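> The sequence shown maps to residues 1 to 214 in UniProt numbering. C-beta atoms are modelled at their ideal positions from N, C-alpha and C, and glycine is treated no differently. If you're wondering where the values come from, they're calculated on a predicted model, not measured in any experiment.
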Amino acid sequence: MKKMISCFLVILAFMAFTQKIYADIIYLKSGGLLKGDITKKEQNTISVKIEYGEISVSRAEIDRITSDSDPDAVYDLAKYYVERDEWDKAVDEFDNLLLLDPNRKSDVLEFVSDLNFSRSGKERMQRFESITEAYQMIDEGKKLVNFGKKQLKYNTRFKDYEWQKEIQSIGRANIQRGENLIRKGQSIVDSYHRQREEEIKRAREKAEQEQKGK
């Protein structure tokens, strides 16, 4: 019985945790998109808490609902913001997409390469490109390390020990290069996350101050 209660509490805690992390993305039949937190579901409407308050949306207007844990939905939202000239929001979502799925970086960079971002958007885009390169650096480093390890195990059929030693020397160098790339890339990624966390913290503090001033 105690085990069942413990499992139930863990499930409840997990549900609460995930609900706090992910926002809802609502696809409207009109082609619009909304990002927020669904606070109430009724027969004909749902209530959504968005950036500027809470709104009611008719279910008849809704095409589908997903969350910002879905990379495709985040990508759609970013493109939607671009179409509305909301550059900062677009870059935010492109950032979020990369954090969810680093493999989408080439798609995103291709999409935004010809866009005329605002000055602040351009600065943030440079950061975005930087972290993209960092992930590529980490991937390349891992490949070099794996390749180097294989080179260390290299054995010639004809027992050419000098050649074998040369290959092993190259293998050790590749492992070192790979580890350096991983460290450098990870340092950039960690720095990026710290900056993002600080930005989120400042935004929350600003929102709280504005709320108190009302």
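#1: Could you tell me which of SER67, LEU33, LEU34, GLU54 sits nearest to LYS40, measuring between CA atoms?
#2: Which one or two residues does DSSP pair with residue 225 in a beta bridge?
#3: Taking 8 Å as the limit between beta carbons, can you name the residues of its chain near LEU77, skipping five residues before and five after?
#4: Return the CA-CA distance between ASP95 and TYR80, expressed in angstroms with no decimal places.
#5: Beta-carbon separation of ALA73 and THR66 under 8 Å?
#6: Indicate whether LEU98 and LEU144 have their beta-carbon atoms separated by less than 8 Å.
#7: Compute the minimum distance between the beta carbon of PHE94 and the heavy atoms of the ligand PLP, and state whether it is under 7 Å.
#8: Does the Cβ of ILE46 have 16 or more other Cβ atoms within 10 Å, making it buried, or fewer, making it exposed?
#9: Excluding the 5 residues preceding and the 5 following LEU9 in the sequence, name in chain order all residues of the same chain whose CB lies nearer than 7 Å to its CB.
#10: Starting from ASP37, trace the beta strand (DSSP E) both ways and give me its first and last residue.
#11: Per DSSP, what are the beta-bridge partners of GLY53 in this structure?
#12: To the nearest angstrom, how far is the alpha carbon of GLY31 from that of LYS89?
#13: Closest to ILE62 by C-alpha separation, out of GLU51, MET137, GLN43, would be which residue?
#14: Assuming GLU93 is part of the alpha helix (DSSP H), what are its boundary residues?
#15: Where does GLU191 fall in DSSP's three states?
#16: According to DSSP, simplified to helix, strand and coil, what is SER30?
#17: Beta-carbon within less than 8 Å of GLN186's beta-carbon, same chain only, minus the 5 sequence neighbours each way: which residues are those?
#18: Under the DSSP definition of a beta bridge, which residues are partnered with THR45?
#19: Between which two residues does the alpha helix (DSSP H) containing LYS153 stretch?
#20: Rounded to whole angstroms, what is the Cα-Cα separation between ARG64 and ASP190?
From the atom records:
#1: GLU54
#2: For the chain, the structure presents residues 1 to 214; residue 225 sits outside this window and is missing.
#3: ILE25, LEU33, LYS35, ASP68, GLU93
#4: 15 Å
#5: yes
#6: no
#7: The ligand PLP is absent from the structure shown, which contains no ligand whatsoever.
#8: buried
#9: Only weak support is given to the placement of LEU9: the predicted model assigns it a pLDDT of 40, under 50, and the question is left unresolved by the model.
#10: 33-41
#11: ILE50
#12: 18 Å
#13: GLN43
#14: 87-100
#15: Correcting the residue identity first, residue 191 is Ser in this sequence and not Glu. Correct three-state label for SER191: helix.
#16: coil
#17: ALA134, ILE138
#18: SER58
#19: Counting along the chain, LYS153 falls outside any alpha helix (DSSP H), and DSSP gives it neither H nor E.
#20: 35 Å
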